Amino acid sequence: MVLAGAHPAAADMAAWPAWMLLLLLLLCVSERGLARCSVQPIAPPKLSKVSCPPIKAQSQMFSFLLLLNDSYVTKIHLSKSDSAGSLVSGHFEVTSSGAYVCRSEGIYPPPFTEDCRSTAVTEGGPEATEEGTQPLPATSGTVASARLHCPPPGLVPEVAMWAACALLLLYSVSVSCIAAVLWRKRRVEDCAVYMNTRRADPKRPAKP
Numbered sequence: 000m001v002l003a004g005a006h007p008a009a010a011d012m013a014a015w016p017a018w019m020l021l022l023l024l025l026l027c028v029s030e031r032g033l034a035r036c037s038v039q040p041i042a043p044p045k046l047s048k049v050s051c052p053p054i055k056a057q058s059q060m061f062s063f064l065l066l067l068n069d070s071y072v073t074k075i076h077l078s079k080s081d082s083a084g085s086l087v088s089g090h091f092e093v094t095s096s097g098a099y100v101c102r103s104e105g106i107y108p109p110p111f112t113e114d115c116r117s118t119a120v121t122e123g124g125p126e127a128t129e130e131g132t133q134p135l136p137a138t139s140g141t142v143a144s145a146r147l148h149c150p151p152p153g154l155v156p157e158v159a160m161w162a163a164c165a166l167l168l169l170y171s172v173s174v175s176c177i178a179a180v181l182w183r184k185r186r187v188e189d190c191a192v193y194m195n196t197r198r199a200d201p202k203r204p205a206k207p
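Quick look at the structure:
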């Protein structure tokens, strides 16, 4: 239906179906909403390379224990076939800030060795690395560097082992000495000398 005296453009819009008008309205609203949105680029976090203490050349089996803010992160075990090689060292690439600790442990051959390095990584801080280190397996929110004073271990396993051996040796020697004294005393008490106290018969001739 066309209204008399109406503008031709208005007449044409009146002739459109209702669903087309609704679609045009939705498009206008969506375009206005997109115009108000702004896209901000996000820069990825900076990688920081932190090194772990080197392992002695004679160690064939060793591990690296990773701590973040005094919390356990992960522990990796590595091995090498050449026992006469150079020192083994490595570094981790981290993106989070915090207090990191990397502790190296020489497992085999004995004796057990341990060393650690700790550092505080801050946003935008310099990289704490050493030349000649190799990247270690990546982990999420990992480890540390820069030699500082590491927290002392609670109890060294080697010291505990020697203390237990000393106590066992002292106990065994004490028990052996007590047993030897008791056995010797009982042996002396069991020995006795018997004498014949009966009077001899005067009528019986003495044996030649």
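Just so it is clear: in the sequence shown, position 95 is 94 by numbering that gives the first Met the number 0, and no numbers are missing.
Ideal placement from N, C-alpha and C gives every residue a C-beta, glycine not left out.
Quantities reported herein were computed from a predicted structural model and do not represent experimental measurements.
Could you tell me which residues DSSP puts in a beta bridge with residue i?
i      : result
THR73  : LEU65
THR94  : THR94 pairs with nothing; no bridge assigned.
SER117 : VAL100
MET60  : SER78, TYR107
Can you give the beta carbon distance from residue i to residue j, rounded, assuming they're within the 8 Å contact cut?
i     : j      : result
PRO53 : CYS101 : With 8 Å as the limit, PRO53 and CYS101 do not qualify as a contact, their Cβ atoms being about 11 Å apart.
TYR99 : VAL120 : 6 Å
SER62 : GLU104 : 5 Å
LYS55 : LEU64  : In fact, because the Cβ distance is near 16 Å, the residues do not count as touching under 8 Å.
Got a sec, what are the start and stop residues for the beta strand (DSSP E) residue i sits in?
i      : result
ILE106 : 97-107
Mind checking residue i: buried by the 16 CB within 10 Å criterion, or exposed?
i      : result
SER70  : exposed
ARG116 : buried
ALA42  : Note on ALA42: pLDDT 49, under 50, position unreliable in the model; no value is reported.
LEU66  : buried
VAL93  : buried
SER58  : buried
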